[in-house]
Structure formats: structure tokens, C-alpha cells
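Residue numbers in the sequence shown follow our numbering, run continuously in steps of one, and reach 244 at the last position. Every residue, glycine too, gets a C-beta built ideally from N, C-alpha and C. In what follows, a structure is listed as C-alpha cells, so that the remarks can point back to it.
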Amino acid sequence: MIYYSEQLFRVNRINKWVSAHTDYQSLMISVDSILQNISFGVQSDKFEDAMHNLGSSIGFVCQRPDKEIKKGPDNLWGDVDGQYFLFECKNEVDENRAEINKTEAGQMNNHCGWFADEYGNAKCKKIIIINTRTLSYQGDFNDEIFVMRKSKLKLLKDNVRSFFKEFKDYDLQSLDETIIHRFIRPHNLDIESLTSIYTESIIKAKKIILAPAGVDKKTPAEFKIIGYFLITYWPRKYS
């Protein structure tokens with residue numbers, strides 16, 4: 006089987022990570038330890054460290070720019086098919102928060118600017134991990150940003166776990182790299198899947214228009230609910 010050289014490097018990195026474990030049991034202990042910390046509510050440094058280790062385990066070259074150089078995103082994965090993944094982790098934000106706020110949008114814009122300065126026009130999927138896909142009306146993104154919510158994060162974790170379970174009956178010290186490569190796509194860990202099935206597009210909140218003084222807010226004909234925003238209609242009798 007012939008595949009791209011960068012994929013070969015990726016498979017080689019996965020092989021090195023797997024073969025660092027003496028047996029399947031110790032491999033899965035490591036995998037589960039990583040995945041356990043990739044959860045909403047986990048302390049941010051633990052979460053970001055786990056995201057770093059997750060990326061490494063599935064063959065990416067990983068960095069934590071914000072921790073390492075005090076500039077840039079929380080996590081950066083790269084060096085596979087020329088594709089990068091930039092992560093801003095907001096896993097400690099209340100899961101029931103309705104919106105991504107203006108400050109968070111500004112942070113993401115700064116990270117995107119940093120990436121452009123460092124990597125130019127390299128392909129990059131820019132992801133904010135937070136349990137809402139709605140951006141505040143007051144906030145704006147300068148680049149195309151995607152959201153990874155709780156359900157998509159779980160899907161990624163489940164697929165990573167199932168990928169490593171494939172090695173149960175193999176000698177981890179002498180894995181054939183063509184076998185490793187064969188398991189990547191069925192578990193949706195190929196680049197095409199990683200850039201498409203684990204994230205959602207941003208929804209921009211609409212401006213809230215408040216009812217003028219004197220308007221009876223209980224009159225159904227004069228108000229319409231669009232999502233959770235109230236749009237005021239101005240009937241002639243109030244003109």
C-alpha cells in the first residue's frame with residue numbers, strides 16, 4: 006500500500022507512542038487517563054495537557070503555545086497532510102452558558118493572528134471547545150471559527166478509544182505500520198473526518214430589540230419569538 010509521506014510520518018509517530026507501552030492493558034490505561042481529563046469541568050491545565058497528549062497519541066506534532074511561550078492558542082496540532090488544528094479550550098465555562106462572549110471572540114482573533122504570523126497561509130481548522138455554538142451579538146470573529154461542543158467531544162473520545170482497542174491482539178513492540186494505517190479511517194481519525202465531523206459552525210446572535218414603553222407585552226399578535234430573541238412589531242394603534 007502506498008500513501009503520502011506525511012501519513013507515513015504520522016503512522017510512525019503513532020507506532021512509537023503505542024510501542025512505548027509494554028502491553029495492551031498499559032496502553033489502554035494511558036488512553037483512558039488522557040480521555041478522562043478531556044471533559045467539561047476538568048481544570049483547564051489538565052484538559053489542555055490531555056489534548057496535547059491526545060494529539061500526540063494519534064500521530065500529530067503538538068504544541069501548547071499559550072503555556073510554552075505565553076502567546077497563541079491553548080493547543081496546536083500539525084504536521085499531517087499540511088493540516089493544522091488550533092484549539093482554544095473553554096471547558097471550564099458553564100455548560101449551560103448561552104453564548105460565546107465578546108472577550109472570548111477577541112482572544113480567538115488574537116490566536117488566529119498569531120497563527121498567521123507563524124505559519125502564513127497553512128491550512129488550519131480553528132476550533133473553540135465550548136458547549137455553545139452561538140456567538141454574542143457584540144462579538145465578531147475575523148476568521149472562520151468552528152465549535153466543538155460536548156457531544157462532538159464525546160464522539161472524538163469514543164473514536165480514539167475504539168481505534169486503540171484494535172491493537173488488543175497485537176504485539177505492541179512489533180506492530181506493522183500498514184496495520185496502524187488501516188485502522189485510522191474506519192475510526193474517523195483521518196484528516197478528512199477530523200476536519201468535518203467533530204465540529205459545528207458558529208451561529209451569530211441577533212440584536213435584541215426591546216419593546217417600547219407602553220406596549221402591552223402580553224399581546225400575542227404584536228410579538229413573535231425567533232429562537233430566544235424577542236422582535237417587536239409596531240402596530241398602528243401604537244403609532
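Local conformation of residue i per DSSP, three classes
{"i": "V36", "result": "helix"}
{"i": "L91", "result": "strand"}
{"i": "K173", "result": "coil"}
{"i": "G125", "result": "coil"}
{"i": "V98", "result": "coil"}
{"i": "K107", "result": "helix"}
{"i": "L194", "result": "coil"}
{"i": "E205", "result": "strand"}
Identity of the residue in the options nearest residue i by Cα
{"i": "L81", "options": "V98, K75, G60", "result": "G60"}
{"i": "S49", "options": "F92, S24, G83, T200", "result": "F92"}
{"i": "N114", "options": "Q41, E97, G77", "result": "G77"}
{"i": "K128", "options": "I135, F120, I134", "result": "F120"}
{"i": "K159", "options": "D37, A25, I19", "result": "D37"}
{"i": "R190", "options": "K131, I39, I63, E73", "result": "I63"}
{"i": "D174", "options": "C67, R187, E97, D28", "result": "D28"}
{"i": "E109", "options": "T139, A55, D122, L199", "result": "T139"}
{"i": "Y142", "options": "I133, N193, I207, D148", "result": "I207"}
8 angstroms contact criterion, which residue i and residue j should meet: CB distance rounded
{"i": "V23", "j": "F172", "result": "6 angstroms"}
Alpha carbon of residue i to alpha carbon of residue j, nearest angstrom
{"i": "G144", "j": "H116", "result": "15 angstroms"}
{"i": "T204", "j": "Q88", "result": "16 angstroms"}
{"i": "K155", "j": "N42", "result": "13 angstroms"}
{"i": "K75", "j": "Q112", "result": "13 angstroms"}
{"i": "N136", "j": "E97", "result": "10 angstroms"}
{"i": "E197", "j": "N101", "result": "30 angstroms"}
{"i": "F65", "j": "D54", "result": "14 angstroms"}
{"i": "D181", "j": "K130", "result": "30 angstroms"}
Terminal residues of the beta strand (DSSP E) in which residue i lies
{"i": "D84", "result": "80 to 85"}
{"i": "F151", "result": "151 to 153"}
{"i": "V47", "result": "Careful: V47 lies outside any beta strand (DSSP E) and carries neither H nor E."}
First and last residue of the uninterrupted alpha helix (DSSP H) at residue i
{"i": "T183", "result": "182 to 189"}
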